[in-house]
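Protein chains in written order, with the numbering used here: chain A, 17 to 465; chain B, 17 to 465; chain C, 17 to 465.
No residue lacks a Cβ here, since even glycine has one placed at the ideal position from N, Cα and C.
These figures come from a predicted structure and were not determined experimentally.
This report refers to the structure that appears directly beneath it.
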Amino acid sequence: MCVWQRRQFSLLALFFQMIFLILFSLFCRYIDPLDDSKRIYSGTDYPLFQDVHLMIFVGFGFLMAFLKRYGFSAVSVNLLLSAFVIQWAMLLRGFLSKQFQETGTFTLGVPEMMCADNSCAVVLITMGVLLGRMTPVQFLLLAFFETSFSVLVDHIVFNILHVNDGGRSLVVHAFGAYFGLAAALVGKKKNVMEMDEQGSIHHSDLFSMIGTLLLWVFFPSFNAAVQEPEDARHRAIMNTYLAMASGTVTTFILSSLVDNLGRFNMIHIQSSTLSGGVAIGSAANAVLYPSHAVAVGICASFVSVIGHAWLSPKLEKRFKLYDTCGVHNLHGIPGILAGIFSIIFALGYEPESYGKTLYHIYPHFEGGPMNGERNREIQAVYQLAGMGVTLATAVVGGLMTGTLLLPGQADRRSADFQSDSSEMSQWVQHNWRFLEQELLERERLHEIY
Amino acid sequence: MCVWQRRQFSLLALFFQMIFLILFSLFCRYIDPLDDSKRIYSGTDYPLFQDVHLMIFVGFGFLMAFLKRYGFSAVSVNLLLSAFVIQWAMLLRGFLSKQFQETGTFTLGVPEMMCADNSCAVVLITMGVLLGRMTPVQFLLLAFFETSFSVLVDHIVFNILHVNDGGRSLVVHAFGAYFGLAAALVGKKKNVMEMDEQGSIHHSDLFSMIGTLLLWVFFPSFNAAVQEPEDARHRAIMNTYLAMASGTVTTFILSSLVDNLGRFNMIHIQSSTLSGGVAIGSAANAVLYPSHAVAVGICASFVSVIGHAWLSPKLEKRFKLYDTCGVHNLHGIPGILAGIFSIIFALGYEPESYGKTLYHIYPHFEGGPMNGERNREIQAVYQLAGMGVTLATAVVGGLMTGTLLLPGQADRRSADFQSDSSEMSQWVQHNWRFLEQELLERERLHEIY
Amino acid sequence: MCVWQRRQFSLLALFFQMIFLILFSLFCRYIDPLDDSKRIYSGTDYPLFQDVHLMIFVGFGFLMAFLKRYGFSAVSVNLLLSAFVIQWAMLLRGFLSKQFQETGTFTLGVPEMMCADNSCAVVLITMGVLLGRMTPVQFLLLAFFETSFSVLVDHIVFNILHVNDGGRSLVVHAFGAYFGLAAALVGKKKNVMEMDEQGSIHHSDLFSMIGTLLLWVFFPSFNAAVQEPEDARHRAIMNTYLAMASGTVTTFILSSLVDNLGRFNMIHIQSSTLSGGVAIGSAANAVLYPSHAVAVGICASFVSVIGHAWLSPKLEKRFKLYDTCGVHNLHGIPGILAGIFSIIFALGYEPESYGKTLYHIYPHFEGGPMNGERNREIQAVYQLAGMGVTLATAVVGGLMTGTLLLPGQADRRSADFQSDSSEMSQWVQHNWRFLEQELLERERLHEIY
């Protein structure tokens, strides 16, 4: 490997980190501690932020630790990308803020930390699709580009379209999943090789369960983190809690049903049990009846298990679309479901039921302080538009990023492996073969009872 | 296996989940967001709820992951049962509420989520006794029956007898443990077979320590979660913290003392270190002196280590009472101890020391807003009655459930194994042999220093 | 082994625990629940305390679980020492309190629990230096002596010198590290033996990452835990968050740069990623600009990775200074850096920028309620003095404790191993050989990409 390839990561990351330092010093300030009226107290939101912070760094990291040979890589690249995205997302969001346009600087507080952590989730979901197939340099560039697209979509969905996406299921889960799938479509590979090495992945799967369970436990916090006022936050917590519970029971039911011998599949348990939280996300602050949340959880895990069992194998076979962590069935389809439910609930509920909270959920509804003119139908159309913008940007951004970062991997890989002269691409191929083997092993060992 | 046996779990769980959906839609509502006076704000109790939620799903799950071949099963069945119990307990508790009897519906909030999670703990403790010996279907039915008994006992102890069981050591820990032990007594087995396979269980024990430590760290939250007002909650936190600390040091002392060579036993470390939190539980809100909490911790770990070292082997030998996770010594005896301490502290402290908080701790004490007529002695009798009701229901309920779910397993297992024609029972036997082997291996490897 | 050696631990720990019980009962009380003005409400600080509690018991425990054969020992001795130190530190701090000198008793609340947990961190950092080289008895005595020194230094730094050490980087991180290094210098060993046994440490490193990530996630809480008022706490959170993010990216950059082939080193990832939080600690409440926090994070991980790559091997070679967990590069140097930064920021910022919060950060600054007479330069001198006192006490205390606890280990170990007649020292030697082997294996396997 030439010096440039060995030092590529260091130089690129150093370049970014220096740029970040300069941008922080030029444009970023803290809230003025002397200005009482603007002071943001840490006591109110900080515990919720910490729950989300734990999900991002420990939950997502360990969720991706199920591959024996990639466990440590997954967890540490997860850490690297998150630390990178935190800074870049804070800066980008600052530049898009009204405050920056007015004063030339922007300020940081706990809510900005929460948004930065949400941006990490986007990149980590995409990383789940591409895990084991990219070098650290490629992941870093992916994080750079994807965060840029993602913050832009955030801005359009919330500040221009004024869509209700309370738990960020659209702009985080669906965006991250389809961005990654689009990139994977570009960098697809041709052959699946069977390997001979055997090995139990028992412990790796227990590590992965640490991730699953942390995400399970803190999902109510994720969906409630940026909600206000208190009754919306309260509903977001309760709805997510119920959707997770009913979704988990349904996952076990379906996992056993789709197996010939009635066994549970650990892939479903590690992933579909979380789909209820994703699917309730967009409308978590809006759903008014416990039974609706229970029903959403049932639907979500239904599509998620069906996706794992029937859709993913078809996508792999027909479109060569490889999805290492099964992100499509955990974040992708349930994310779209969340968008659809947010339309249904915007149409279905009486706006009066929300009292004054209505204008926190749908800020441009008629009669509110923003002088909006929307009624239920118009709001529903905006919800649909928000979903469309999110998905379109995800796919376009993913295709562009994939084309830029994974050029011709498919061809190169389908050629004779040993004859390839690029060492970096050898690394990728080497990785890739292990990855296939791991995934095959995992499939073989998937039953737990 | 016939179709019915393969689909038994799916159909049964589907049936329950559909019933839950219907009951939620008919009878369950959220608190009216427009009614300010009744609004429950999420900020106050939610962080404590999250601590408990983490204990239930990650703590209990991983605590039971010490068996190499059952690690993943333990963690995932833990998740399934918890998601199931959350819904069933919420519904049951709602039906018993005054609100339901008055209006025909009941409402949910953060306190209801807390109670639902407590009900999960009851079932998970019982699961610890029976781990590795039951099929998912049997566990699901167990959860259904046990939750019904447990919510009823809750109702009697708190709403009828007005007993102080602050950290729920009686209705959660003691109830769960003796319910499981009674069921295990029915489904007892005859022979312990030695197996030849060797294997280190190092990693499994580290996973188990994740569970132990999470329970250790959040035990003060568990005992303080439903306390009010603030001074009672504060005492519950401090007392638990001190009892855990002194109990842990005592556990190491005794673990070394009962070993011929002075080594520590990892079974004691994984379980008895938590017994201080259980034993202080019932009176955690009432204990007024730090030294009393320290003393309770010392007593609790004393009985717990002695239980592991001398009582459990005797119960196994004489009564064929097998307790997979040593639940009796972690939740059973310390739970009874908690009941006894709650009597002692009710008798021993001057009621005036509590100020107005007295009527939160003992609602029917004389001179309070409930027009109670109890003095210290009468309250102590009620505490005793609460303990009696809890234990009696646990044993009766456990025996009934065990008889229903584990009919004739003992006989079947003592017969020739291969000749048994039922595949499900073969599964159980197969499981059982591995379990015995694991437990034996563990005993062999139990010293850590 | 004679009876005394086998029972040494039990008797010593029993002696301490009985003393603690007596001291608690004589001198320790809870806050009077009837005295409203003094009542400390649990809602405010408790969630931050729980974050720190989780760091101490799960984070530090698992951080030290990277050694395959010591994983369980590390986690359980961590638990034992913490439970011991909690009690001893609470008592010691109580005896030094003004309240005790005035009334003869002292009271406990959530802030006292926080301080007790901080004292645990000191001992656990020292344990990281000496891991695998001491018996439980030696660790217990170490905890006893070190806590005594540490609480004294705390008292001098905060109550006499009135130094700003907000996140306790000096009195916790630097003190713990240099105390341990001084003790290790006394108990140094001569030969490094190469062992033949092979083994993957993949899973152990994943366990260690649980520790790293929990510390990473909750470091903002650690640095903010005892800050007031809210704007200082808010800054402590934000500064730590940013310093962690920039430090993590820089760690990956440098880890790749110092490797010939550009790979990441998992030792750096497990430890240097946390150094930003340590280095910002002392002044976390005082730093006023986001970019300064970002810069501190970059500097910290720079010295930390350089320390791992170049300094530690030199210290081992020249001074036989063995540091099992690389504590010097995670807590030692970044701790000193924190002290230096606290001087720079005390000198550099306009005192007026802090408004009234100034006298919370620097209580004896001129014009405040304490009638202090310090200006920026004098405060900076006091900060330097605080650093000097901390380091001097740490080194002297460490040397004394090391001399007392590890007498002549160096000589004994350099002699013929098998001929040694003391069984306890055989245990140490046995341990030691495994330890060396593990560390060598780890070095061999250190690249992750």
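Taking C-alpha atoms, which residue in the options lies nearest to residue i?
{"i": "F238/C", "options": "A137/C, G364/C, N94/C, F357/C", "result": "A137/C"}
{"i": "T417/C", "options": "Q395/C, A159/C, I35/C, M225/C", "result": "A159/C"}
{"i": "F223/A", "options": "F25/A, G182/A, N276/A, Q286/A", "result": "Q286/A"}
{"i": "Q66/C", "options": "G292/C, H250/C, L230/C, A199/C", "result": "L230/C"}
{"i": "A105/B", "options": "T123/B, L64/B, V167/B, S92/B", "result": "V167/B"}
{"i": "F235/A", "options": "L64/A, L363/A, F357/A", "result": "L64/A"}
{"i": "I314/B", "options": "L108/B, G292/B, Q395/B", "result": "G292/B"}
{"i": "G402/C", "options": "V188/C, D48/C, F32/C", "result": "V188/C"}
{"i": "Y338/C", "options": "I141/C, R249/C, R149/C, V19/C", "result": "R149/C"}
{"i": "P127/A", "options": "F100/A, L96/A, A240/A, Q154/A", "result": "A240/A"}
{"i": "G87/B", "options": "M225/A, L186/A, T123/A", "result": "M225/A"}
{"i": "T163/B", "options": "L201/B, L331/B, V101/B", "result": "V101/B"}
{"i": "A325/C", "options": "P385/C, H344/C, L97/C", "result": "H344/C"}
Suppose contacts are defined by Cβ-Cβ distances below 8 Å. Is residue i in contact with residue j by that definition?
{"i": "G398/C", "j": "L177/C", "result": "Checking the sequence shown, residue 398/C turns out to be Tyr, not Gly. Closer than 8 Å, so yes."}
{"i": "P350/A", "j": "S320/A", "result": "yes"}
{"i": "A190/A", "j": "A410/A", "result": "yes"}
{"i": "F318/B", "j": "L273/B", "result": "no"}
{"i": "L197/A", "j": "G348/A", "result": "yes"}
{"i": "V405/B", "j": "F40/C", "result": "no"}
{"i": "P306/A", "j": "C44/B", "result": "yes"}
{"i": "E244/B", "j": "H69/B", "result": "no"}
{"i": "A78/C", "j": "V91/C", "result": "The question names Ala, yet the displayed sequence has Phe at residue 78/C. In this structure, V91/C lies closer than 8 Å to F78/C by Cβ."}
{"i": "W232/B", "j": "L290/B", "result": "yes"}
Which of helix, strand or coil does DSSP assign to residue i?
{"i": "D212/A", "result": "Here D212/A scores only 28 on pLDDT, less than 50, and its place in the model is too uncertain to base an answer on."}
{"i": "E382/A", "result": "strand"}
{"i": "D427/C", "result": "Residue confidence for D427/C is low, a pLDDT of 43 falling below 50, so the modelled location carries little weight; the figure read from the coordinates is stated next. If DSSP states are grouped into helix, strand and coil, D427/C belongs with the helices."}
{"i": "Y520/A", "result": "Since the first residue shown for chain A is 17 and the last is 465, residue 520/A is missing from the structure and cannot be characterised."}
{"i": "F122/B", "result": "strand"}
{"i": "G144/A", "result": "helix"}
{"i": "R388/C", "result": "Note that residue 388/C is Gly in the sequence shown here, rather than Arg. G388/C: strand per DSSP, three-state reduction."}
{"i": "Q442/B", "result": "Low confidence applies to Q442/B: its pLDDT is 46, below 50, so where it sits in the model is not reliable, and the reading given next is rough at best. DSSP places Q442/B in helix when its eight states are reduced to three."}
{"i": "Q33/B", "result": "helix"}
{"i": "T340/C", "result": "coil"}
{"i": "G227/C", "result": "helix"}
{"i": "F82/A", "result": "coil"}
{"i": "G183/B", "result": "coil"}
{"i": "A137/B", "result": "helix"}
{"i": "R149/A", "result": "coil"}
Answer yes or no: the CB of residue i versus the heavy atoms of the ligand MG, is any distance below 7 Å?
{"i": "D67/A", "result": "Questions concerning the ligand MG fall outside what the structure shown contains, since it holds no ligand whatsoever."}
If I follow the unbroken alpha helix (DSSP H) through residue i, where does it start and stop?
{"i": "Q154/A", "result": "152-170"}
{"i": "R392/B", "result": "392-421"}
{"i": "M106/B", "result": "87-112"}
{"i": "L353/A", "result": "349-364"}
{"i": "V188/C", "result": "Careful: V188/C lies outside any alpha helix (DSSP H) and carries neither H nor E."}
{"i": "S298/B", "result": "Unbroken run through S298/B: none, as it is neither H nor E."}
{"i": "Y15/A", "result": "The question about residue 15/A has no answer, for chain A in this structure spans 17 to 465."}
Beta-carbon of residue i versus every beta-carbon of chain F: anything under 8 Å?
{"i": "W20/B", "result": "Of the chains in the structure shown, none is chain F; the protein chains are A, B and C."}
Task: Contained alpha helix (DSSP H) runs [length at least 4] in the stretch 304-335 of chain C, N- to C-terminal order - done: 306-322, 328-335
Task: Minimum length 4: unbroken alpha helix (DSSP H) runs contained in the stretch 259-288 of chain B - done: 282-287
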